[in-house]
Every structure is written in C-alpha cells, then in structure tokens.
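Peer 1:
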Amino acid sequence: MNRHEPREAPRRAASSPPPAFPLAFAALAVSAGVIWVAWAVLLHLHRVLLANGLEQRWMDGLLVGVGLLPLLLLIPVVRSFIYAAKARAALTGSDLAAARVQTAEAREWAQYAIGYAVATVLVFLGIQFLLANGGAVASTFFKLELIRSSFGLVLEAFWKNVWMFCVAEVFILIWGLIIAVARMIPGRAGQPIRFLAIVYTDAFRGLPTIISIYLIALGLPLANVPWVKDWSPEWLAILALTVSYGAYVAEVYRAGLDSIHPSQWSAARSLGLSFGQTLRFVIIPQAVRRIIPPLLNDFIALQKDTALVNVVGVIDGFNQAKIIASNRFNLSAVTTVALLFMLITIPQTRLVDRLLETEKRRIRA
Amino acid sequence: MSFLEIRNVHKHYGDIEVLRGTNLSVEQHQVVCLIGPSGCGKSTLLRCINGLETIQSGEICLDGDRISGPGVDLNALRREVGIVFQSFNLFPHMSVLHNVTLAPLQVLKMPRAEAEERAMTLLKRIGLEHKAKAFPDQLSGGQQQRVAIVRALAMGPRLLLLDEITSALDPELVSEVLNIVRDLAAEGMTMLLATHEMGFAKEVASKVCFLYQGVVHEEGPPEQIFGDPHEDRTRAFLSSIIEAGRL
Ligand SMILES: Nc1ncnc2c1ncn2[C@@H]1O[C@H](COP(=O)(O)OP(=O)(O)OP(=O)(O)O)[C@@H](O)[C@H]1O
Ligand SMILES: [Mg+2]
Numbered sequence: 001m002n003r004h005e006p007r008e009a010p011r012r013a014a015s016s017p018p019p020a021f022p023l024a025f026a027a028l029a030v031s032a033g034v035i036w037v038a039w040a041v042l043l044h045l046h047r048v049l050l051a052n053g054l055e056q057r058w059m060d061g062l063l064v065g066v067g068l069l070p071l072l073l074l075i076p077v078v079r080s081f082i083y084a085a086k087a088r089a090a091l092t093g094s095d096l097a098a099a100r101v102q103t104a105e106a107r108e109w110a111q112y113a114i115g116y117a118v119a120t121v122l123v124f125l126g127i128q129f130l131l132a133n134g135g136a137v138a139s140t141f142f143k144l145e146l147i148r149s150s151f152g153l154v155l156e157a158f159w160k161n162v163w164m165f166c167v168a169e170v171f172i173l174i175w176g177l178i179i180a181v182a183r184m185i186p187g188r189a190g191q192p193i194r195f196l197a198i199v200y201t202d203a204f205r206g207l208p209t210i211i212s213i214y215l216i217a218l219g220l221p222l223a224n225v226p227w228v229k230d231w232s233p234e235w236l237a238i239l240a241l242t243v244s245y246g247a248y249v250a251e252v253y254r255a256g257l258d259s260i261h262p263s264q265w266s267a268a269r270s271l272g273l274s275f276g277q278t279l280r281f282v283i284i285p286q287a288v289r290r291i292i293p294p295l296l297n298d299f300i301a302l303q304k305d306t307a308l309v310n311v312v313g314v315i316d317g318f319n320q321a322k323i324i325a326s327n328r329f330n331l332s333a334v335t336t337v338a339l340l341f342m343l344i345t346i347p348q349t350r351l352v353d354r355l356l357e358t359e360k361r362r363i364r365a
Numbered sequence: 001m002s003f004l005e006i007r008n009v010h011k012h013y014g015d016i017e018v019l020r021g022t023n024l025s026v027e028q029h030q031v032v033c034l035i036g037p038s039g040c041g042k043s044t045l046l047r048c049i050n051g052l053e054t055i056q057s058g059e060i061c062l063d064g065d066r067i068s069g070p071g072v073d074l075n076a077l078r079r080e081v082g083i084v085f086q087s088f089n090l091f092p093h094m095s096v097l098h099n100v101t102l103a104p105l106q107v108l109k110m111p112r113a114e115a116e117e118r119a120m121t122l123l124k125r126i127g128l129e130h131k132a133k134a135f136p137d138q139l140s141g142g143q144q145q146r147v148a149i150v151r152a153l154a155m156g157p158r159l160l161l162l163d164e165i166t167s168a169l170d171p172e173l174v175s176e177v178l179n180i181v182r183d184l185a186a187e188g189m190t191m192l193l194a195t196h197e198m199g200f201a202k203e204v205a206s207k208v209c210f211l212y213q214g215v216v217h218e219e220g221p222p223e224q225i226f227g228d229p230h231e232d233r234t235r236a237f238l239s240s241i242i243e244a245g246r247l
C-alpha cells in the first residue's frame, strides 16, 4: 500500500484477484479420485453379485448407469477451467474488474465440484462397507428374501406400536394439559397443587422411559394393585408412556402458555373473564401455534419409545423382529421394523421443521 | 363520600415499595388525570383499582363498596371498572368484533345477537364498523387503541381507567385516540387516566394529581397544577416536561 508516501491520501491499490487455476486443478484431482473410488466399488459389487449367483443383465446396466453418474462431477470442473482461463485473459488485458468476476465464478464452480465429490465418495464408501466380508454385512442387514418373507409378520406386530402410540398420544394430550394447568393455578390455595405438579414433572422427566415402563407395567401387577393388575401388558405400557410423556408434554404446554405476553392475561382478566375463561378463550388459542412443533417432537420420541415395551413382553414390531432375528441368525427383520419407524417419523420431522420455519417467518414479519 | 375513594393504600413488590399511603378520590362524571415521573406508581395504582394487583394495606371503595382486600368478587368488580393499557390490549387471534363481544358473551351471558349489535353500534361511533371483521394486526396502533377502549365500554363500566393509552403510538395517531376520550368525558364518563399528554390533561381534566414516589404529592384543578404548582417537586417535574417540549 501507500504507507511509504505519507503525503498521499491513503488509498488502497486495486489488488489483483487470487489465482483461480490452483483451485480448478484441485477440483479436477478430487473429482478424478472420486470417480476412481466409485468405479472400484462398483467393480467390487459386480464381483460379489457374481459370487452370489445374482448376476443379471439389467443389473449390469444399472451398475454402468451408476458408474456414469460420478462423471457428472466433471461438468463443474470444466466450467471452473473455462472461467479461470477467462480470468487470465482479462488479467492480461488488465481489466481488473472483469478478472475478479471471472475468478469468483471459477472458484465457485471448483468448490461446487469438490462439495459434490465429497458427498459422492461418502455414498460409495457406504456401499463398500455393506460389501465387506464378501457381502456378509449387506446380507446380515438386508437379506431381501428374509425381509420379504417376514414382512407380513413384522408389519402386523408393528401395528401394535402404531395403535399404542395413537392411544397414548390422546391420553398424553389430556394428562399433560391437566398437569400444566395444575402448575399454573394461582393463589395460595393452589400452592400445594402446584408443588405436587412440580414434583411429578421433575420426577418423570428425570426418569429414563424404559425404567418407568419397567416399574409401572411390571410393578403394578406384581404389587397386586387392584383394578390395574388385571390390565393387559399393552394397556399397562400405555399407562407408563402416558405418565412418563405427560411430564414432558406438560412442560411443552407450560412453555407455550408462558410465552404469551402477560398483558394478554391482564387484558382478559380486566374484562371480567375468569382464570378458566382466560385460558380457554385467550391464552390457549394463541399458545397452540407455538406448542405444536415441540409437541410433535415429543410425539416422535414417544413413537420411537414404543419399541421399549418389549421389556415387559409386549409383542410389538421390534420384539417380533427380534424373535425372527434370533431364529434366523439374521437382522433383516429388524431392518424392516427400523425402516417402518423411519417411514412414519421422518415425514413428521420434516413437518416440524416446516412449522418452525413458518413460525420464524411470521415473527420476523 | 366520593365515587372512587382510595385511602392510605400501600403496595409493594417484594422489597420495592411502590405505593406508600396513596390517597385519591374521584367524583362521578369527573375526569382525573394522574401525572408523575416514570416509575412513580401510576400503572400500579390503576392496576390495584381494577384488582389486577392486590394491595397490602389501606382500602379502595367504589360507590361506597369496598373493592379491595379479601372477599371481593373481582369478576363483578371488573364489570364496573374497565381498564385500557398502553399496548398489547387486543387479542390478536380474534377479529375486532370478536374482541369486543367476548366479555359480554362470556361474562355477562348476553345473547350473541344483542352483543354484536351493541358492539357494532360502539364501533360505528368510533368510525371503525368497516373493520369489524379485521384482525388486530391489520389495524394501525391508533385504531387498535380505539377498539380497546370500545371493548372496555362494551361491558358498560361505571369507571374507566386509562393507562398511558397513547404513549406507544406514533404522534399522528394520538389525536384520534384522544378524541374518543374527549367525547367520553363530554358524555359524563367517569375516568381516571395516567398520561404524559399534559396538553390533553390540561384540557379535559377536572382534577390533576401529581404522583411522586407512590403518594399524591399535589392535586388540584389543571389551571392551578400547570399554572401555579405549589410544590417544588411538581414544579421540577413540569419544567422537565416543558424542556422535553411536551407541554
Ligand atoms: N410486577 C412487578 N414486579 C416488581 N416490580 C414492579 C412490578 N411492576 C412494577 N414494578 C415497579 O414498581 C414501580 C412503579 O411502576 P409503575 O409501572 O406503576 O410506574 P409508572 O408510574 O406507571 O411508570 P411509567 O410512567 O414508566 O409507566 C417501578 O419501580 C417498577 O419497577
Ligand atoms: Mg405505567
């Protein structure tokens, strides 16, 4: 810069952009490496298929098709080189502004190629992992024949999970609200109730769900608790899940109700609305929108936790799959139930993200 | 005995003593303005009158009935005493009409047709009948405050408390809200209002009370308080207001 000439106004010299070619070459090298890895993995896969007598014409076609995909990485690489060349031309013509633009483009395309190359190589390494031990990994988890033959049984047992979490969710919604309102009851008369509600939520939020299920679903019949002792293990498990998740959901409700500005309470109470009317007409309707995303999150956790009921002997999807797995020394049925869980939870996870996104946009507006 | 009597009221939040023996009276059809520096307890006093805060000692009487302390039917009290706050008054998830009719429907158990008819009459008075179906976030701040006043009026209160209802508004919206208060004053509505709008207080008030550190330091007709304040503190407060260009 111009520090050596103190009289001059300090003015930054227009600097030439960083060179674009090194990054383009790096992108080329990375992409080439990834293509090599991909083809090596596909060759391996081909050999495993041959060894297992699964060789078929359409599979070869598929393999070649998949092998061509990594070649797409070369498109951004070529673009990067084109822009890098343009940048060099602009620089020799000493058009600095144009050189900067072209360089930025060249670097952007090179980075794009590298990003996709990394993702591609991870996918192919994953395939390679499944092929390890001559395909033993793959067949332990994904033995198609077993998945097909056990699917009906697993699906039927999985319905028990669905049924249990649907029933539990209804009870949890009600029970959680009761606890949340109990924690908010105003005045001195409400104090002991508030205290009990706090003890309850703290206790069950601190307790692992699996232990709650164990204690409630095994313990109540063991202790010969009247009425409850005759319940089926399914209903006892639902009771345990309700008691456990009710504590979480009560907190979700409470946070939602707390998030409503206190002036809304004042405004409603000052109009003569009672505590209950204020909750019902003013606070809850406003809180619902903020409650739904965290509530759904808790329900997703609950749905997954229905797999824990196998500890008390309920034949749910997971338990059924485990039985099949131990009979056949193969985990493919467990894979089935894992996929079923993902099938129902992933859409909900996406929905939660969408809701949170719209809520964020609404607040910013 | 006055319509509203506040006698020796004490109120503290934990260690903070906000009201320290406040005395104040409001006659029927009077408009009383509360002025005073920020934090002197204006909002607290109004909230105590409406039963939104409990007082520790002293008493508040409305039309001869004690309305403070244990055993008071707060929901009944709040039918008699309406309050409008600085902001966040309206229920954002309800239309204007629903905001206004909620309390008459749920608290007074008024038939829906009657409640809506009365609400529309009130909205017409403030020129907002065409906004009946709108939601609060579709209204300007001034319109929202006007609806909030109407919502309090829909309960037919005998006393209206207004807590700095214009101080969250853009200056050009203040007058439309004050016009309504002016109309109400002309109709003989009994009002107690905390305000920073000294010009307005001067114009509508029957009596001005200067609240300082939780006690009424000086009170009198507006000409006297603004023209010839007796107390040093009142004078200091008013001159700071004049400096700020608010009088
Ligand atoms: N809920 C509360 N908890 C604790 N302190 C409070 C609470 N509400 C008000 N205070 C305190 O009481 C004092 C009086 O508050 P108040 O809102 O009545 O003042 P104000 O005269 O209305 O002031 P402003 O003109 O700023 O509105 C303040 O010092 C405030 O910090
Ligand atoms: Mg205030």
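Order-wise, the sequence lines are chains A and B.
Here UniProt numbering is used: the first residue of the first sequence is 1, the next is one more, and so on.
Here UniProt numbering is used: the first residue of the second sequence is 1, the next is one more, and so on.
Cβ coordinates follow ideal geometry from the N, Cα and C atoms, glycine included.
Since the model is a prediction, treat every value here as computed from it, not as a measurement.
Any C-beta of chain A sitting closer than 8 Å to the C-beta of B/P92?
Peer 2: As a position in the second sequence, residue 92 of chain B is number 92, starting the count at 1. Yes - at least one Cβ of chain A is within 8 Å of the one on B/P92.
Peer 1: Is B/S25 helix, strand or coil when you go by DSSP?
Peer 2: For this step, residue 25 of chain B is matched to residue 25 along the second sequence. Strand.
Peer 1: Could you pull out every unbroken beta strand (DSSP E) segment of at least 3 residues lying fully inside the stretch 7-64 of chain A, listed in chain order?
Peer 2: The qualifying runs do not exist here; there are none.
Peer 1: Give a yes or no on whether 8 Å exceeds the smallest Cβ distance from A/P208 to chain B.
Peer 2: Counting from one through the first sequence, the residue named residue 208 of chain A turns up at place 208. With 8 Å as the cut-off, A/P208 does not count as an interface residue toward chain B.
Peer 1: Grouping DSSP H, G and I as helix and E and B as strand, with all else coil, what is A/M1?
Peer 2: As a working note, residue 1 of chain A is residue 1 in the first sequence. Confidence is the limiting factor: at A/M1 the pLDDT is only 46, short of 50, which leaves the residue's position unreliable, though a coordinate-based value still follows. Coil at A/M1, not helix or strand.
Peer 1: I'd like to know if A/G272 contacts chain B, where contact means its C-beta is closer than 8 Å to some C-beta of that chain.
Peer 2: Within the first sequence, numbered from 1, the residue matching residue 272 of chain A stands at position 272. A/G272 counts as touching chain B.
Peer 1: With burial defined as no fewer than 16 other Cβ atoms inside 10 Å of the residue's Cβ, what is the status of A/L50: buried or exposed?
Peer 2: The count along the first sequence starts at 1 and reaches residue 50 of chain A at position 50. Exposed, since its Cβ has fewer than 16 Cβ neighbours within 10 Å.
Peer 1: Just the Cα atoms here: how many angstroms apart are A/S270 and B/G82?
Peer 2: In the first sequence, the residue the question calls residue 270 of chain A occupies position 270. In the second sequence, the residue the question calls residue 82 of chain B occupies position 82. Approximately 7 Å between the Cα atoms of the pair.
Peer 1: Sort A/L340, A/A333, A/T345 and A/F195 by Cα distance to A/L144 and report the nearest one.
Peer 2: Position 144 of the first sequence, counted from the start, is the residue given in the question as residue 144 of chain A. The shortest Cα separation from A/L144 among A/L340, A/A333, A/T345 and A/F195 belongs to A/A333.
Peer 1: Between B/E5 and B/S25, which are expected to be in contact by the criterion C-beta below 8 Å, what is the C-beta distance as a whole number of angstroms?
Peer 2: For the purposes of this step, residue 5 of chain B is identified with residue 5 of the second sequence, where counting begins at 1. For the purposes of this step, residue 25 of chain B is identified with residue 25 of the second sequence, where counting begins at 1. About 5 Å separates the two Cβ atoms, so the contact holds.
Peer 1: Give the DSSP-derived three-state secondary structure of B/A95 in the structure shown.
Peer 2: Position 95 of the second sequence, counting from 1, holds the residue named residue 95 of chain B. The identity of residue 95 of chain B in the sequence shown is Ser, whereas the question assumes Ala. Of the three classes helix, strand and coil, the one that applies to B/S95 here is coil, per DSSP.
Peer 1: Name, please, each residue of chain A whose Cβ falls closer than 7 Å to the Cβ of residue 249 of chain B.
Peer 2: This structure gives no information on residue 249 of chain B, because the portion of chain B shown stretches from 1 to 247.
Peer 1: May I ask you to list the residues that DSSP assigns as paired with B/C61?
Peer 2: Translated into the one-based positions of the second sequence, residue 61 of chain B becomes position 61. Partner(s): B/E5 and B/R66.
Peer 1: Mind listing which residues of the stretch 103-115 of chain B have their C-beta closer than 7 Å to chain A's C-betas, in chain order?
Peer 2: If the cut-off is 7 Å between Cβ atoms, the stretch 103-115 of chain B has A103, Q106 and V107 near chain A.
Peer 1: Using a Cβ-Cβ distance under 8 Å, would A/A267 count as near chain B?
Peer 2: Looking up residue 267 of chain A in the first sequence gives position 267. Cβ-Cβ to chain B under 8 Å: yes for A/A267.
Peer 1: Rounded to the nearest angstrom, what separates B/M189 and A/G176 at their Cα positions?
Peer 2: The residue you call residue 189 of chain B lines up with position 189 of the second sequence. The residue you call residue 176 of chain A lines up with position 176 of the first sequence. Answer to the nearest angstrom: the Cα atoms are 46 Å apart.
Peer 1: At which residue ranges does the stretch 224-269 of chain A contain complete alpha helix (DSSP H) runs of 4 or more residues, listed in the order of the chain?
Peer 2: Correct list: 233-258.
Peer 1: Can a CB atom of chain A be found closer than 8 Å to the CB of B/E243?
Peer 2: As a first step, residue 243 of chain B is located in the second sequence; it is residue number 243 there, counting from the start. So, not an interface residue.
Peer 1: Closer than 6 Å by C-beta to A/P76: which residues in its own chain qualify, once you throw out the five before and the five after it? Chain order, please.
Peer 2: Here residue 76 of chain A is taken as the residue at index 76 of the first sequence, counted from 1. Within the same chain, A/P76 has close Cβ partners W109, Y112 and A113.
Peer 1: Confirm the yes/no value for this check: CB of B/A194, any heavy atom of ligand 2, distance under 7 Å.
Peer 2: Looking up residue 194 of chain B in the second sequence gives position 194. Yes, the beta carbon of B/A194 sits closer than 7 Å to at least one heavy atom of ligand 2.
Peer 1: How would you list, in chain order, the residues of chain B whose beta-carbon sits under 8 Å from the beta-carbon of A/S263?
Peer 2: Taking the first residue of the first sequence as 1, we reach residue 263 of chain A at position 263. Here the neighbours are F85, S87, F88 and N89.
Peer 1: Count Cβ pairs between the stretch 267-282 of chain A and the stretch 200-209 of chain A that sit closer than 8 Å; are there 3 or more?
Peer 2: As far as the Cβ criterion goes, the stretch 267-282 of chain A does not touch the stretch 200-209 of chain A, which means the pair count is below three.
Peer 1: What does a CB cutoff of less than 7 Å around B/G214 pick up in its chain, not counting 5 residues either side in sequence?
Peer 2: In the second sequence, residue 214 of chain B corresponds to position 214, counting from 1. Once the five neighbours on either side are set aside, the close Cβ partners of B/G214 are E17, V18, L19, R20, T22, C40 and G41.
Peer 1: Which value, in whole angstroms, describes the spacing of the CA atoms of B/G227 and B/F135?
Peer 2: As a working note, residue 227 of chain B is residue 227 in the second sequence. As a working note, residue 135 of chain B is residue 135 in the second sequence. Whole-angstrom Cα-Cα distance: 44 Å.
Peer 1: Does the structure place the stretch 233-248 of chain A close enough to the stretch 64-73 of chain B that three or more beta carbon pairs sit under 8 Å?
Peer 2: With a cut-off of 8 Å, the stretch 233-248 of chain A and the stretch 64-73 of chain B do not count as touching, because too few Cβ pairs lie within range.
Peer 1: For a quick check, are the C-beta atoms of A/V311 and A/Y214 less than 8 Å apart?
Peer 2: On the first sequence, residue 311 of chain A is found 311 positions in, with the first residue counted as 1. On the first sequence, residue 214 of chain A is found 214 positions in, with the first residue counted as 1. For A/V311 and A/Y214, yes; Cβs fall inside 8 Å.
Peer 1: Count the other CB atoms within 10 Å of the CB of A/W265; is the residue buried (16 or more) or exposed (fewer)?
Peer 2: On the first sequence, position 265 is the one that residue 265 of chain A refers to. Per the 10 Å Cβ criterion, buried.
Peer 1: Going by the CB atoms, is the gap between A/E169 and A/E351 shorter than 8 Å?
Peer 2: On the first sequence, position 351 is the one that residue 351 of chain A refers to. On the first sequence, position 169 is the one that residue 169 of chain A refers to. Rather than Glu, the amino acid found at residue 351 of chain A in this sequence is Leu. No, Cβ-Cβ distance for A/L351 and A/E169 is not below 8 Å.
Peer 1: Beta-carbon of B/R78 versus every beta-carbon of chain A: anything under 8 Å?
Peer 2: Position 78 of the second sequence holds residue 78 of chain B. Yes, contact with chain A.
Peer 1: How many Å lie between B/S240 and B/F85 at the Cα?
Peer 2: For the purposes of this step, residue 240 of chain B is taken as residue 240 along the second sequence, with counting starting at 1. For the purposes of this step, residue 85 of chain B is taken as residue 85 along the second sequence, with counting starting at 1. Each residue's Cα considered, the two are about 25 Å apart.
Peer 1: May I have the straight-line CA-CA distance separating A/T335 from A/F141, to the nearest angstrom?
Peer 2: For the purposes of this step, residue 335 of chain A is taken as residue 335 along the first sequence, with counting starting at 1. For the purposes of this step, residue 141 of chain A is taken as residue 141 along the first sequence, with counting starting at 1. Roughly 6 Å separates the two Cα atoms.
Peer 1: State buried or exposed for residue 401 of chain A, treating a residue as buried only when at least 16 other CB atoms are found within 10 Å of its CB.
Peer 2: An answer regarding residue 401 of chain A cannot be provided, because it is not within the stretch 1 to 365 covered by chain A.
Peer 1: Since B/I35 sits in a beta bridge, which residues does DSSP pair it with?
Peer 2: Taking the second sequence and counting its residues from 1, the one referred to as residue 35 of chain B is at position 35. In DSSP, B/I35 forms a bridge with B/F210.
Peer 1: What residue range is occupied by the uninterrupted beta strand (DSSP E) comprising B/M82?
Peer 2: Here residue 82 of chain B refers to the residue found at position 82 when the second sequence is read from its first residue. In the sequence under discussion, the amino acid at residue 82 of chain B is Gly, which differs from the Met named in the question. From DSSP, the beta strand (DSSP E) with B/G82 extends over V81 to V84.
Peer 1: Count the other C-beta atoms from every protein chain shown that fall within 10 angstroms of the C-beta of A/M1, then say buried if there are 16 or more, exposed otherwise.
Peer 2: Counting from 1 along the first sequence, the entry for residue 1 of chain A is found at position 1. Residue confidence is low: A/M1 scores 46 on pLDDT, short of 50, so the model does not pin down where it sits. No coordinate-derived value is stated.
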